[in-house]
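Mapping of the sequence shown onto this note's numbering: residues 140 to 308, in sequence order. Some notes on the structure that comes next.
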Amino acid sequence: DCPSGAVELYSGRAAGTKHDAKGVTSDHLCLPDNPRYGSTYTEAASPLYGVQYQRWPSSSPRADYDNMPCVVCYLATRSAMFVHQASYLCPSGWSREYYGYMMSEHVVSNRHGRKSTICVDANAEAVPGTSASTDPSATYFHSVECTKSELPCTPYVDGRILSCAVCTK
140 DCPSGAVELY SGRAAGTKHD AKGVTSDHLC LPDNPRYGST YTEAASPLYG
190 VQYQRWPSSS PRADYDNMPC VVCYLATRSA MFVHQASYLC PSGWSREYYG
240 YMMSEHVVSN RHGRKSTICV DANAEAVPGT SASTDPSATY FHSVECTKSE
290 LPCTPYVDGR ILSCAVCTK
């Protein structure tokens with residue numbers, strides 16, 4: 140729930156990189172309960188999994204291995220920008236600066252450390268005068284891996300890349 144005086148923009152489920160994966164994202168992401176896909180492309184290489192509580196104190200009403208919910212809130216007394224994950228649209232009353240796709244580092248066995256997730260413009264451009272390379276700092280589309288994880292598939296489509304929107308107010 141949002142704190143007193145704040146407005147809920149959306150709620151959903153927490154997602155992130157599998158605990159034993161090398162590479163991908165270091166971020167925990169809040170994926171909405173109503174994803175909006177900007178593409179049907181499914182060749183993603185940065186899978187996301189559901190986040191669960193583990194080793195929760197026994198005095199808590201939460202049980203170990205429960206899936207973690209999330210919420211994105213807005214406080215009207217502040218100017219704001221946020222990345223709406225898993226949606227190419229912004230909430231009502233917000234302006235969309237651009238939309239695109241959630242991307243991070245590829246899952247690879249020889250990379251240590253994780254990277255941030257970024258929202259790459261759907262109309263991405265190349266730096267003039269450059270060409271494709273095998274740069275080891277490449278970024279890949281995020282997808283939801285729901286058939287092999289704790290993240291329930293519905294309403295997500297297993298393997299489909301996730302869109303995003305940069306929203307301001």
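Where is the CB? At the ideal position from N, CA and C, for every residue including glycine.
Own chain partners of residue i with C-beta closer than 8 Å, once the 5 adjacent residues on each side are dropped
i	result
residue 255	164, 165, 166 and 243
Pick from the options that is closest to residue i, judged by C-alpha positions
i	options	result
residue 239	230, 176 and 298	176
residue 301	307, 217 and 168	168
residue 146	218, 306, 213 and 171	213
residue 171	262, 190 and 208	208
residue 233	179, 305 and 153	305
residue 149	156, 155 and 141	141
Residue burial classification, residue i (beta-carbon count within 10 angstroms, cutoff 16)
i	result
residue 144	exposed
residue 241	buried
residue 307	exposed
residue 151	buried
residue 156	buried
residue 294	exposed
Identified DSSP bridge partners for residue i
i	result
residue 190	Note: residue 190 sits in no beta bridge, so no partner.
residue 303	224 and 239
residue 294	Residue 294 is not bridged to any residue.
Neighbourhood of residue i by C-beta distance below 6 Å, restricted to the same chain and skipping five residues each side
i	result
residue 273	Model confidence at residue 273 stands at a pLDDT of 48, short of 50, so the residue's coordinates are unreliable and nothing is read from them.
residue 275	For residue 275, the predicted structure reports a pLDDT of 46, less than 50, and the residue's modelled location is therefore unreliable. The matter cannot be settled from this model.
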